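J.: Residues in the sequence shown are numbered consecutively from 1315, following the working numbering. Note that beta-carbon positions come from the ideal geometry of N, C-alpha and C, so glycine has one too. These numbers were taken from a predicted model, which means no experiment stands behind them.
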Amino acid sequence: MAALFQKVLVANRGEIALRVQRACRELGIHTVAVHSTADAQAMHVRLADESVCIGPPAARDSYLNMAAILSAATITGADAIHPGYGFLSENAQFAEMVEAHGLTFIGPAPEHIRMMGDKIAAKRAMASLGVPLVPGSDGEVASLEEARTVAARVGFPVLIKATAGGGGRGMKVARDADGLEDAYRVARAEARAAFGNDAVYLEKYLDRPRHIELQVLADAFGHVVHLGERDCSLQRRHQKLLEEAGSPAISAQQRNALGATVTAALAELGYRNAGTLEFLYQDGQFAFIEMNTRLQVEHPVTEMLCGIDLVREQFRLAAGEPLGYRQEDIRFHGHAIECRINAEDPETFMPTPGEVSAYHAPGGLGVRVDSALYAGYKVPPFYDSLVAKLIVHAPTRAQAVARLRRSLAEFAVVGIKTTLPLHQRIVEDPSFQAGDYSIHWLERFVAGQ
Ligand code: MV4
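#1: Can you name, in chain order, every residue of its own chain whose Cβ lies under 8 Å from the Cβ of Thr1666, other than the five neighbours on each side?
#2: Could you check if Phe1419 is buried or exposed, using at least 16 other CB atoms within 10 Å of its CB as the buried criterion?
#3: Are Tyr1519 and Val1576 closer than 8 Å when you measure CB to CB?
#4: Looking at Pro1562 and the ligand MV4, is the gap between the Cβ and the nearest heavy atom below 7 Å?
#5: Can we say the region 1667-1686 touches the region 1322-1333, given the rule of at least three CB pairs closer than 8 Å?
#6: Can Gly1480 be considered in contact with the ligand MV4, in the sense that its beta carbon sits closer than 7 Å to one or more heavy atoms?
#7: Would you mind giving the Cβ-Cβ distance between Val1348 and Ile1383, rounded to the nearest angstrom? I have them listed as a contact below 8 Å.
#8: Can you tell me the Cα-Cα spacing of Gly1584 and Leu1637, whole angstroms?
#9: Is the number of C-beta pairs between the region 1626-1634 and the region 1337-1347 that are closer than 8 Å three or more?
#10: Taking DSSP's pairing of strands, which residues face Ala1650 in a bridge?
#11: Using the Cβ count rule (16 or more neighbours within 10 Å means buried), how would you classify Tyr1688?
#12: Keeping to the same chain, check which residues put their C-beta closer than 6 Å to that of Ala1714; ignore five residues upstream and five downstream.
#13: Reducing DSSP to helix, strand and coil, say where Asp1684 ends up.
#14: For the alpha helix (DSSP H) that contains Phe1408, what are its first and last residues?
#15: Suppose you measure from the CA of Arg1630 to the CA of Leu1318; what does that come to, to the nearest Å?
#16: Any contact of the region 1580-1596 with the region 1512-1529, i.e. 3+ C-beta pairs under 8 Å?
#17: Can Ala1394 and Arg1428 be called in contact, C-beta distance under 8 Å?
#18: In this structure, does DSSP put Arg1438 in helix, strand or coil?
#19: Under three-state DSSP, which class holds Lys1433?
#20: Entirely within the region 1545-1632 and at least 3 residues each: give me those beta strand (DSSP E) ranges in chain order.
#21: Could you name the residues that DSSP lists as bridge partners for Asn1656?
#22: Near Lys1512, what residues of its chain come up, given a Cβ to Cβ distance below 7 Å and the 5 sequence neighbours on each side ignored?
#23: Taking the beta carbon of Tyr1639 as the centre, do at least 16 other beta carbons fall within 10 Å, making it buried, or is it exposed?
#24: Would you mind sorting Val1500 into buried or exposed? The rule is 16 or more other CB atoms within 10 Å of its CB.
#25: Just to confirm my understanding: we take Arg1550, look at its own chain, exclude 5 residues before and 5 after, and list those with CB closer than 8 Å. What are they?
#26: May I ask which residues mark the beginning and end of the alpha helix (DSSP H) holding Gly1762?
#27: Shorter than 7 Å, the distance from the beta carbon of Glu1592 to the closest heavy atom of the ligand MV4, or not?
#28: Are the beta-carbon atoms of Cys1620 and Phe1600 separated by less than 8 Å?
#29: Do Leu1323 and Ala1392 count as a contact pair if the criterion is CB distance below 8 Å?
#30: Give every residue of the same chain whose Cβ lies closer than 6 Å to the Cβ of Leu1722, excluding the five residues on either side of it in the sequence, and list them in chain order.
#31: Quick check on DSSP: helix, strand or coil for Thr1351?
#32: In whole angstroms, what is the alpha-carbon distance linking Gly1421 and Ile1368?
#33: Rounded to whole angstroms, what is the Cα-Cα separation between His1674 and Gly1510?
#34: Give the single residue among Gly1560, Ser1752 and Gly1762 whose Cα lies nearest to the Cα of Arg1522.
#35: If contacts are defined as beta-carbon pairs under 8 Å, then Arg1569 and Gly1598 qualify, I think. What distance do you get, rounded to the angstrom?
#36: Would you call His1540 buried or exposed, if buried means 16 or more other Cβ atoms sit within 10 Å of its Cβ?
The structure is reproduced here in structure tokens:
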């Protein structure tokens, strides 16, 4: 079988660069790593077939430097670029530039990246295709008067969100009519400062939702499947700490119903490659809030649940291959949980860059560790503090929790503080063990420790 691509440039670092390289190896694709001067000793550079230094430590000069990355792809003769997550992964202009250079962007079409980057456009598109939304404004709220009218209709509290925002950036809650003017003005001012776009919309504020997201794959022939949901409710300041698949709160019937609606909508849109739809779930109802057009950090829990290699699928789909299986061929086996291990103080969450003097990863049945760490590695201070993902898989959720507890006890990252001790405390908590939590659970748990 001819390889899908000859040589792929992985425009990322850390564990996700390794994750993409591993898929390439199995597909017989050569890999090119790019790195900043701070990452010359990084594992993603060591494991790649070739590497190119693309600039100084600051991400804007290296991992976000489109010209440097495209030059690296050109001089090494790469025929595709995988962006990983973060950095340029949801930059429609970059995807266009990659294609303009005659290379394949491993991801969706630029038009879909652009559409989903505009939260109002994303909601409009989904609503018109029958996907449920949170009650709120029909698009932009252009004046305070309009905000008052919509808020009166949906009822307080309400949330003002920036259309260019997402992931929790650019949101303001108004508890009552008196708070609306401030929330509206501050949200607009912050959106203008942060995104250069002060367009905002309004939603009813849900007070204790779960954050549930649905993974989809789509080919160029109008076939779309979903790979079930992930429950990402355990977050702090919009940073996820632990994710699971499936959600402890969702039945097979709910999953199938939501999946049917979503896959039909994406087929209609002509979406291609991998994507994730984010929902808030409260009182038995799903409400779409955003769509991510990239591979996500927490994709491994879905892989363990379905036995499908999402990165391999991304390459196949980008090469124009058909999915090759139908929804009914996809089976969900057992339960998977991921812990994000960050180089952070487990109490203050301050980053803890520095040298890892010793490293021992857990193993055994149903245990997976995605990490670019090694003994002697110096975690640089310039990037995201995620240093490892521990993923466990077992036939039931209770068994997965037991496996998680014993894997966390085996895991040794010496020399720097990490969030491992926090995860060890979370798995002992009765509410966590019962799967009984909302998006506010972790902040309260941390405050009570
Ligand atoms: C909301 C919400 C409550 N009601 N929208 C935060 C991140 C962004 N993706 C959407 N977010 C929220 N939107 C309505 N109408 C609460 C949040 C929210 C949240 C959502 C998911 C996970 C964690 C969160 C933490 C705080 C607030």
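T.: Considering the structure as presented:
#1: Sequence index remark: in the sequence shown, residue 1666 carries index 352 (1-based). Contacts found: Ala1657, Glu1658, Asp1659, Val1693, Ser1699, Ile1730, Lys1731 and Thr1732.
#2: Along the sequence shown, one-based indexing puts residue 1419 at 105. Here Phe1419 is buried: its Cβ has 16 or more other Cβ atoms, across all protein chains shown, within 10 Å.
#3: Locating residue 1519 in the sequence shown gives position 205, counting from the first residue. Locating residue 1576 in the sequence shown gives position 262, counting from the first residue. Cβ atoms of Tyr1519 and Val1576: not closer than 8 Å.
#4: Counted from its first residue, the sequence shown places residue 1562 at position 248. Pro1562 has its CB no nearer than 7 Å to any heavy atom of the ligand MV4.
#5: Yes: at least three Cβ pairs fall under 8 Å.
#6: Residue numbering aside, residue 1480 sits at position 166 when the sequence shown is read from its first letter. Taking the Cβ of Gly1480 as the reference point, at least one heavy atom of the ligand MV4 falls within a distance shorter than 7 Å.
#7: As a working mapping, residue 1348 is identified with position 34 in the sequence shown. As a working mapping, residue 1383 is identified with position 69 in the sequence shown. Sure, about 6 Å apart at Cβ, within 8 Å.
#8: Here the question's residue 1584 lines up with position 270 in the sequence shown. Here the question's residue 1637 lines up with position 323 in the sequence shown. If I take the Cα positions, the gap works out to 14 Å.
#9: In this structure the region 1626-1634 lies against the region 1337-1347, because at least three pairs of beta carbons, one per stretch, are closer than 8 Å.
#10: Locating residue 1650 in the sequence shown gives position 336, where the first residue counts as 1. Ala1650 pairs with Ala1559 and His1707.
#11: The residue labelled residue 1688 in the question sits at position 374 within the sequence shown. With fewer than 16 Cβ atoms within 10 Å of its Cβ, Tyr1688 is classed as exposed.
#12: Counting from one through the sequence shown, the residue named residue 1714 turns up at place 400. Within the same chain, Cβ atoms closer than 6 Å to the Cβ of Ala1714 are found at His1649, Ile1651, Val1706 and Ala1708, the five residues on either side in sequence being excluded.
#13: Against the sequence shown, residue 1684 aligns to sequence position 370. Asp1684: strand per DSSP, three-state reduction.
#14: Indexing the sequence shown from 1 puts residue 1408 at position 94. Where Phe1408 is concerned, the enclosing alpha helix (DSSP H) stretches over Ala1406 to Ala1414.
#15: Within the sequence shown, the letter at position 316 stands for residue 1630. Within the sequence shown, the letter at position 4 stands for residue 1318. The alpha-carbon of Arg1630 is positioned some 7 Å away from that of Leu1318.
#16: These segments touch.
#17: As a working note, residue 1394 is residue 80 in the sequence shown. As a working note, residue 1428 is residue 114 in the sequence shown. No, these two residues do not count as a Cβ contact at 8 Å.
#18: Mapped onto the sequence shown, residue 1438 falls at position 124. In this structure, Arg1438 counts as helix in the three-state DSSP scheme.
#19: In the sequence shown, counting from the first residue as 1, residue 1433 sits at position 119. DSSP places Lys1433 in helix when its eight states are reduced to three.
#20: Taken in chain order, the complete beta strand (DSSP E) segments of 3 residues or longer contained in the region 1545-1632 are 1553-1559, 1587-1596 and 1599-1606.
#21: Within the sequence shown, the letter at position 342 stands for residue 1656. Answer is Leu1700.
#22: By one-based count along the sequence shown, residue 1512 stands at place 198. A quick correction: the sequence has Asp, not Lys, at residue 1512. Only Arg1502, Ala1505 and Arg1506 meet the Cβ criterion.
#23: Taking the sequence shown and counting its residues from 1, one reaches residue 1639 at position 325. Exposed: under 16 other Cβ atoms inside 10 Å.
#24: Locating residue 1500 in the sequence shown gives position 186, where the first residue counts as 1. Sixteen is the threshold: since fewer than 16 other Cβ atoms of the shown chains lie within 10 Å of the Cβ of Val1500, the residue is exposed.
#25: Your numbering for residue 1550 matches position 236 in the sequence shown. Contacts found: Phe1663, Leu1756, Glu1757 and Val1760.
#26: For this step, residue 1762 is matched to residue 448 along the sequence shown. Gly1762: member of the alpha helix (DSSP H) spanning Trp1755 to Gly1762, first to last residue.
#27: Along the sequence shown, read from residue 1 onward, the residue named residue 1592 stands at position 278. Correct: Glu1592 has its Cβ closer than 7 Å to the ligand MV4.
#28: Residue numbering aside, residue 1620 sits at position 306 when the sequence shown is read from its first letter. Residue numbering aside, residue 1600 sits at position 286 when the sequence shown is read from its first letter. Annotated as distal: Cys1620 and Phe1600, with beta-carbon spacing of 8 Å or more.
#29: One-based indexing of the sequence shown puts residue 1392 at position 78. One-based indexing of the sequence shown puts residue 1323 at position 9. Yes, they are a contact pair.
#30: Walking along the sequence shown from the start, residue 1722 turns up at place 408. Excluding positions up to five away in sequence, the list reads His1737 and Gln1738.
#31: Residue 1351 sits at position 37 when you count from the first residue of the sequence shown. Helix, per DSSP.
#32: Residue mapping note: residue 1421 aligns to position 107 of the sequence shown, counting from 1. Residue mapping note: residue 1368 aligns to position 54 of the sequence shown, counting from 1. C-alpha separation (whole angstroms): 22 Å.
#33: Stepping through the sequence shown from its first residue, residue 1674 is reached at position 360. Stepping through the sequence shown from its first residue, residue 1510 is reached at position 196. Rounded to whole angstroms, the separation of the alpha carbons of Gly1510 and His1674 is 45 Å.
#34: Here the question's residue 1522 lines up with position 208 in the sequence shown. Measuring C-alpha to C-alpha distances from Arg1522 to each of Gly1560, Ser1752 and Gly1762 identifies Ser1752 as the nearest.
#35: Taking the first residue of the sequence shown as 1, we reach residue 1569 at position 255. Taking the first residue of the sequence shown as 1, we reach residue 1598 at position 284. Approximately 13 Å separates the beta-carbon atoms of Arg1569 and Gly1598; this is outside 8 Å, ruling out the contact.
#36: Against the sequence shown, residue 1540 aligns to sequence position 226. With 16 or more Cβ atoms within 10 Å of its Cβ, His1540 is classed as buried.
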